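Residue numbers (the working numbering): 928 to 1146. Report on one structure; see the data block that follows.
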Amino acid sequence: MKRKLLKRFTAIIFALCVCIGQSGAVDAKPFTDVNENDWFYYAVAMVEDVGYMNGYPDGTFRPNATITRAECAQILFKVVQPDTSTGVLMDFADVPSNAWYYNAVSVMGGVFGGIKWVNSPEFTGAYFYPDQACTREDFAYGLALVSDIRGRSITLAHTGWSDYMDINPEYWEQIAGLYNLNIVSGSDDGKFHPKDTITRAEVAQILSNYTRWRLETAA
928 MKRKLLKRFT AIIFALCVCI GQSGAVDAKP FTDVNENDWF YYAVAMVEDV GYMNGYPDGT
988 FRPNATITRA ECAQILFKVV QPDTSTGVLM DFADVPSNAW YYNAVSVMGG VFGGIKWVNS
1048 PEFTGAYFYP DQACTREDFA YGLALVSDIR GRSITLAHTG WSDYMDINPE YWEQIAGLYN
1108 LNIVSGSDDG KFHPKDTITR AEVAQILSNY TRWRLETAA
């Protein structure tokens, strides 16, 4: 897996260098709703260039739109690019085998929070809720797990987020690790807003921060 990730980030370095060399800056493509003065401009450009996220057929990126849990699983699948020939796929009662996201959810679904386990005489299994909007804490937790980022001796109390106690305690170590590496941050109001749904622009920014961190550590 580490060798595969190294190859992946070597490809990212090449792609970004080509893009910067040709235009002088990473270009956010012709998204009609992404402008150079937007805070997420560079992040959208990066994730589109490396193939983590795409726009829509109408030429928009829809940065303020929410993103579903299935879409987040697909993104993490693209980031990690796991070897699906080995390992055990996880089946979910609400994820049909013909769904476009089946492979990604089956591989990545286990790293998400928000999974409901049912153990009854009638049914034993898990629900993923693929069409539900993904929360900020669930995406951060999932990214931290697939990238094996830990808290590194920092507690969420040190982040300054006034709502850190609202974060699922099972996520604390992982999200603290992302904060410690400047991959996630809070809002201008000093909060993390863990239960809020995450937008496409926010996902792009987190992935951009993560990619730059991986490039630095791989150098």
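Idealized CB from N, CA, C, for every residue including glycine. Bear in mind the structure is a predicted one, so any value in this text is a computation, not a measurement.
query: Cα-Cα separation, D1123 to T959; result: 26 Å
query: Cβ neighbour criterion (16 or more within 10 Å) applied to L1134; result: buried
query: DSSP three-state assignment for Y1056, whether helix, strand or coil; result: coil
query: Three CB pairs or more closer than 8 Å across the region 1014 to 1024 and the region 989 to 996; result: no
query: Anticipated Cβ contact below 8 Å, F1019 with V1032, distance rounded; result: 7 Å
query: Counted within 10 angstroms of its Cβ, other Cβ atoms place Q1101 as buried (16 or more) or exposed; result: buried
query: Contact belief for I1110 with W1140 at Cβ below 8 Å, rounded distance in angstroms; result: 6 Å
query: Candidates V1045, Y1098, W1027: closest to V1038 by CA position; result: Y1098
query: Limits of the alpha helix (DSSP H) - the one that N1046 falls within; result: From DSSP, N1046 is part of no alpha helix (DSSP H) but of the beta strand (DSSP E) over 1043 to 1046.
query: Three-way DSSP call (helix, strand, coil) for T1144 in this model; result: helix
query: Pairwise C-alpha distance: H1120 and P1048; result: 38 Å
query: Proximal residues to Y1137 (C-beta, below 6 Å), its chain only, five neighbours per side dropped; result: I1110
query: Nonlocal neighbours in the same chain, by C-beta distance under 8 Å from N1095, ignoring five residues either side; result: G1040, E1064, Y1068, P1121
query: Segment limits, alpha helix (DSSP H) that includes E1100; result: 1099 to 1107
query: Residues near T987 by beta carbon distance below 7 Å, same chain, minus five either side; result: F958, T959, D960
query: Short Cβ contact (8 Å threshold) for V1130 with F1066; result: yes
query: Anticipated Cβ contact below 8 Å, V881 with P984, distance rounded; result: Any question about residue 881 goes unanswered here, given that the chain covers just 928 to 1146.
query: Same chain, Cβ closer than 6 Å to C1061, neighbours up to 5 away in sequence not counted; result: I994, R996, C999, I1125
query: Cα-Cα separation, P1057 to W1027; result: 11 Å
query: From R1077, L1003, K1118, L1070, residue whose alpha carbon lies closest to that of D1093; result: K1118
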